[in-house]
Amino acid sequence: MKTLLEIKNLKTHFFTHEGTVKAVDGVSFKINQGETLGIVGESGSGKSVTALSVMKLIPHPPGKIINGEIYFEGKDLLKLDDKEIRKIRGKKISM
């Protein structure tokens, strides 16, 4: 099967006056074409921050993707500029 989305060791942190919040700290998963993945967890566990990281919608500052890889249809999303990610966001990836 063709890999649609692959996330490797994603780390998204928020840097505040009170310290660093490790909202996502080492998330990895892979979704193949035709598969469905549900992400569940308690409030504040990083579900939304994971999805926002994939779409490059983390408010910076204070948030920043500090490590990891995000591939969608073989493209490295973290290397795409704003214009390129806008072509994907909302049309192919949404939350």
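Sequential numbering of the sequence shown, starting at 1, is according to the UniProt record's numbering. Note that CB positions come from ideal geometry on N, CA and C, so glycine has one too. No experiment lies behind these values; they were computed from the predicted model shown.
- Under the rule that a run must span 3 or more residues, the beta strand (DSSP E) segments found entirely inside the segment 44–80 read 63–72.
- Contact check for LEU4 and ILE31: beta-carbon distance about 5 Å, within the 8 Å limit, so the pair qualifies.
- Excluding its 5 nearest sequence neighbours in each direction, ILE65 has C-beta neighbours in its own chain below 6 Å: THR12 and SER53, listed in chain order.
- Bridge pairing for ILE7: PHE29 and ILE70 [DSSP].
- The straight-line gap separating the alpha-carbon atoms of THR16 and ILE58 is approximately 14 Å.
- Taking C-beta atoms as the reference points, MET55 and ILE93 count as a pair closer than 8 Å.
- When DSSP states are grouped into helix, strand and coil, ILE85 belongs to the helix group.
- Counting the other CB atoms within 10 Å of its CB gives PHE72 a total of 16 or more, which places it among the buried residues.
- Pairing LEU78 with VAL49, the inter-Cα distance amounts to about 15 Å.
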